[in-house]
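Student: These protein sequence lines map, in sequence, to chains A and B.
For the first sequence, position 28 (counting from the first letter as 1) is numbered 28 according to my numbering, and the numbering increases by one without interruption.
If you want my numbering, it's the 1-based position in the second sequence plus 58.
Every residue gets a Cβ at the ideal spot worked out from N, C-alpha and C, and that includes glycine.
This one's a predicted model, so the numbers in the text were calculated from it and none came from an experiment.
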Amino acid sequence: MSTLRRIGQTIIGLLRELGDENAYRRHLQAHGRPHSPEEWRKFHEHRLARKYKNAKCC
Amino acid sequence: MIKKILWAGIAILGAYALGGIALNRGESINSIWLVTASVCTYLIGFRFYAKFIAAKVMALNDQRATPAERLRDGHDFEPTNKWIVFGHHFAAIAGPGPLVGPTLAAQFGFLPGTIWIILGAVIGGCVQDFVILFGSMRRDGKSLGQMAREEIGKIGGFTALLTVLLIMIILLAVVALVVVNALKGSPWGTFTIAATMPIAVFMGLYLRYWRPGKVLEVSVIGFFLVMFSIVAGEWVAQSASWAPWFTLGGIALAWCVIIYGFFASALPVWLLLAPRDYLSTFVKLGVVLMLGVGILFVRPEMEMPALTRFVDGTGPIFAGKVFPFCFITIACGAISGFHSLISSGTTPKMIAKEWHAWPVGYGSMALESFVAIMAMIAACVLTPGVYFAVNSPAGIVGATPEAAVATISSWGFPVDAATMAGLAADVGEESLFYRTGGAPSLALGMAHIFAHSGGGRALLGFWYHFAIMFEALFILTIIDAGTRVGRFMLQDLLGHFHKKLGQTGWMPGVIGASAAVVLAWGYFLIQGVRDPLGGINSLWPLFGIANQLLAAIALCVATTILIKMHRARYMWITCTPLAWLVVVCFTAGWQKIFSPIPRLGFLAQADQLQAALDAGKVAASQIAATQAQIFNNRLDAAVCAIFLILVTTILIDSIRLWYRILTGAEEAKVVESPFVLSQLRPEEI
């Protein structure tokens, strides 16, 4: 059961990482700020600007 | 002892399956043979070859702090669970390449492509990705271009940058051509893909204003909306008033993609690109999983023979013999230079412990190679007659369905017009003839497997359009992200001449640079659509050569790193695939430029057209088009020559440096970041 739970947690973790939700959580923790729409927008713009400096793979 | 027996069993099973595939002739085999051979070979390669490289050559050390730990900033640099990094890296390297390449190479039969996918990955592609990831990880996550500049020299760095820019232009043109050919004359497909744009914009607004930060939530909503758009696509295709709006020819679709590329690259990223990228990433992972399960569940028979008569170079999809063209047609899936950009991008900044690079670098590529095997299976479960009818251009098989089936049947692959019409009706298309580019035949194969897993023939149309949507979704993401990156590179370059042009926030500069990049790849796209030989015949080999040459550059960097680490006795690890790629790419490049066969050689085709023009054999209405074709063939030859010259430059520069280091004329300076003891606790990852 614990193995299944671990696999499930890893899959959710992967989806959250791919969806930038983990990065946002880390951003809030690192800066000690609460979640707010404005905070998300600032974080997201900054993250996407760096993310799309690189081409997508073929 | 049990472990040794287990590994011996895997090795014997893999060898038996590989032997079974290679030696079987005259009767169809089950796809499970390919699955067994590939999975066993990947496991052996991963457990023994990759572990040997990790332990003996790279000397990975978990006591050494990685850049993710030393430079931790919560954004780019963050120690992350190894399976999450594995999935992240896999999602980043898996694009349309491993799906389309094997589908096209199936014209030689399933054997050459399958052997190349398996061995090319285990000996070449996985090694390239792994060594470059390691090199970048030991250099604070530096990019391939930076490593080339620092390890080889300024010429190497500049060559790498220029090659990346050129390969991107060809890549964007060829993937756009795949989408255009898949949607040509298909109101169902065109509506579905068009609908993904407002859906993505809705997702962008939802994420920014209504439910900020809820990426997974909005992706689930987006997925259901896309599924609904596939269902609605059928209604549109059946509607007498709506269908004409979405029934477009090749040129009209090409212009739509070009205009889309321009706006998408200039719009804010959060509005269209990012939400669709989230959606396409999740759909991609889901479909790969579904396809794997579907193949295991259905275990379809391979209808395509192991080898076809087209190994002699007379194939209808693209010209050229099995050597070297099979090996450049399948790049991603066996070895892809583009991966070295990902391995030296985000991934090295997320690796928590050095040994995690083993499954992430080598293992992710092995998984992508397996995706290519699944694509090969999906293409080869179609009867060969159907496969060639879908993938052959009218210029080769004849402009009417009757002529096409007669030509294809005369090759020994029987097919009739009624079968093709029935299949087209099953998937809700007007016709399936001349759908070059690989995407439609891959979608047909995938639909065949999915429909046999559940739903039967009644759902064939849904699954076909689901597969087309899946392919087009991430191809469009590549187009707008690639155009944007091309624009940044161009603005960076122009900034040296005029400061304002380099500012990414200055609107005239943004518009001008976006237009220039879009027109560059758009030119090749239009050329491909107008090409009577289907476009794929000229553009896909150019793309394959460029991609493999980028891999050659990456392997030059990797070899230099090994030599500088005093591991010269192991340089065969990177030199073996490098030597193979140089032989393959230069042979293919030479043939594409200088072959006297007009279908194969760009210059020969230009000369043939010029001779026809000079002899007055071209109708007056066709003179302008013929002149454009002559120019395009010469342009393609020039582009191919530029690729070869660029790589010759970096190769000579690298060999010169290796010689100087190995003879003691130059000191081997390792430019790794200093050793810092890792303090990372297991619970932190």
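Is the beta carbon of B/Gly456 less than 7 Å from the beta carbon of B/Ala462?
Tutor: Yes, the pair counts as a contact, with Cβ atoms nearer than the cut-off.
Student: Is the beta carbon of B/Glu136 less than 7 Å from the beta carbon of B/Ala149?
Tutor: Result no, Cβ atoms of B/Glu136 and B/Ala149 do not sit closer than 7 Å.
Student: Starting from B/Phe340, find everything on chain A with Cβ-Cβ shorter than 9 Å and list it in chain order.
Tutor: Neighbours of B/Phe340 on chain A, chain order: Leu15, Leu18, Gly19.
Student: Quick one: Cα of B/Val189 to Cα of B/Asn119, how far?
Tutor: Straight-line Cα distance between these residues: approximately 15 Å.
Student: Enumerate in chain order the residues of its own chain whose CB-to-CB distance from B/Pro154 is below 7 Å, with the five nearest sequence positions on each side excluded.
Tutor: Excluding sequence neighbours, B/Pro154 sits near Val233, Val236, Glu529, Phe532, Ile533.
Student: CA-CA distance, B/Leu548 and B/Ser572?
Tutor: Going by the C-alpha atoms only, they are around 9 Å apart.
Student: I want to see whether chain A comes within less than 7 Å of B/Trp268, judged by CB atoms only; does it?
Tutor: Judged by the 7 Å Cβ criterion, B/Trp268 is not in contact with chain A.
Student: Name the chain A residues that come within less than 9 Å of B/Val543, Cβ to Cβ?
Tutor: Simply Tyr52, Lys53, Asn54, Ala55, Lys56.
Student: Applying a beta-carbon distance threshold of less than 7 Å, which residues of chain A neighbour B/Ile400?
Tutor: Near B/Ile400 (Cβ distances below 7 Å), the residues of chain A are Cys57.
Student: Which residues in chain B have a C-beta closer than 7 Å to the C-beta of A/Pro37? List them in chain order.
Tutor: Under the 7 Å cutoff, chain B gives Pro270.
Student: Alpha carbons only, please: which of B/Gly308, B/Val697, B/Ile710, B/Leu219 is nearest the one belonging to A/Asn54?
Tutor: Among B/Gly308, B/Val697, B/Ile710, B/Leu219, the Cα nearest to that of A/Asn54 belongs to B/Leu219.
Student: For the segment 406 to 432 of chain B, enumerate the residues whose C-beta is nearer than 8 Å to any C-beta of chain A, in chain order.
Tutor: Going along the segment 406 to 432 of chain B in chain order, one finds no residue with a Cβ nearer than 8 Å to chain A.
Student: Can you name the residues that DSSP bridges to B/Leu759?
Tutor: In the structure displayed, chain B extends from 59 to 743; residue 759 of chain B sits before or after that span and is not available.
Student: Relative to the alpha-carbon of B/Ala626, which residue among B/Leu92, B/Leu329, B/Pro363, B/Arg718 has its alpha-carbon at the smallest distance?
Tutor: It is B/Arg718 whose Cα lies nearest to the Cα of B/Ala626.
Student: Starting from B/Asn88, follow its DSSP beta bridges and name the residues at the other end.
Tutor: The partner list for B/Asn88 (beta bridge, DSSP) reads B/Glu359.
Student: Using the beta-carbon count (16 or more within 10 Å), is B/Met527 buried or exposed?
Tutor: Buried, by the Cβ-count rule.
Student: Strictly below 7 Å CB to CB, what residues from chain B border A/Leu48?
Tutor: By Cβ distance, chain B contributes Val327, Trp328, Ala332.
Student: Could you tell me which chain B residues have their CB closer than 7 Å to the CB of A/Thr10, listed as they occur along the chain?
Tutor: Simply Asn139, Trp141, Ile142.
Student: Using a Cβ-Cβ cut-off of less than 8 Å, list which residues of the segment 625 to 646 of chain B approach chain A; keep chain order.
Tutor: Listed by position, the residues of the segment 625 to 646 of chain B near chain A (Cβ gap below 8 Å) amount to none.
Student: Near B/Cys98, what residues of its chain come up, given a Cβ to Cβ distance below 6 Å and the 5 sequence neighbours on each side ignored?
Tutor: Cβ within range, chain order: Ile68, Leu71, Gly72.
Student: Is the number of C-beta pairs between the segment 439 to 453 of chain B and the segment 364 to 384 of chain B that are closer than 8 Å three or more?
Tutor: Yes, the segment 439 to 453 of chain B is in contact with the segment 364 to 384 of chain B.
Student: How many whole angstroms separate the CB atoms of B/Gly403 and B/Glu426, which I take to be in contact at a CB cut-off of 8 Å?
Tutor: Not really, about 16 Å apart at Cβ, beyond 8 Å.
Student: Could you check what DSSP says for B/Thr138 in three-state terms: helix, strand or coil?
Tutor: Three-state DSSP puts B/Thr138 in a strand.
Student: Does any C-beta atom of chain B lie closer than 7 Å to the C-beta of A/Arg26?
Tutor: Yes, its Cβ sits closer than 7 Å to a Cβ of chain B.
Student: Ordered along the chain, which non-local residues of its own chain (more than five positions away) have a Cβ less than 8 Å from that of B/Glu359?
Tutor: Ser86, Ile87, Asn88, Ser89, Val439, listed in sequence order.
Student: Have a look at the DSSP bridge pairing and note the partners of B/Ile746.
Tutor: As shown, chain B starts at 59 and ends at 743. That puts residue 746 of chain B outside it, with no answer to give.
Student: In whole angstroms, what is the alpha-carbon distance linking B/Leu274 and B/Phe282?
Tutor: Rounded to the nearest angstrom, the two C-alpha atoms are 13 Å apart.
Student: Counting only C-beta atoms, is B/Val284 closer than 7 Å to chain A at any point?
Tutor: No, its Cβ sits nowhere closer than 7 Å to a Cβ of chain A.
Student: Ignore the nearest five residues each way along the sequence and tell me which others in B/Phe104's own chain have a CB closer than 7 Å to its CB.
Tutor: The answer, listed in chain order, is Tyr420, Gly421, Ala424.
Student: What does the alpha-carbon distance come out to for the pair B/Asn595 and B/Phe376?
Tutor: Going from the Cα of B/Asn595 to the Cα of B/Phe376 covers about 4 Å.
Student: Starting from the beta carbon of A/Arg33, find every residue of chain B whose beta carbon is closer than 9 Å, and list them in chain order.
Tutor: Chain B residues near A/Arg33: none, gap ~12 Å exceeds 9 Å.
Student: Report yes or no: is there a C-beta of chain A within less than 7 Å of the C-beta of B/Tyr336?
Tutor: Output row for B/Tyr336: interface = yes.
Student: Express the C-alpha separation of B/Lys411 and B/Glu742 in angstroms, rounding to a whole number.
Tutor: For B/Glu742 and B/Lys411, the distance between alpha carbons rounds to 11 Å.
Student: Figure out for me which residue from B/Leu597, B/Gln649, B/Val351 has the closest Cα to the Cα of B/Phe508.
Tutor: Of the listed residues, the one whose Cα sits closest to B/Phe508 is B/Val351.
Student: Would you grab the beta carbon distance between A/Arg50 and B/Asp134 for me? Rounded to a whole angstrom, and I think it's under 8 Å.
Tutor: A/Arg50 to B/Asp134, Cβ: 7 Å. Contact.
Student: Answer with yes or no whether the minimum CB distance from B/Ile151 to chain A is below 7 Å.
Tutor: B/Ile151 counts as touching chain A.
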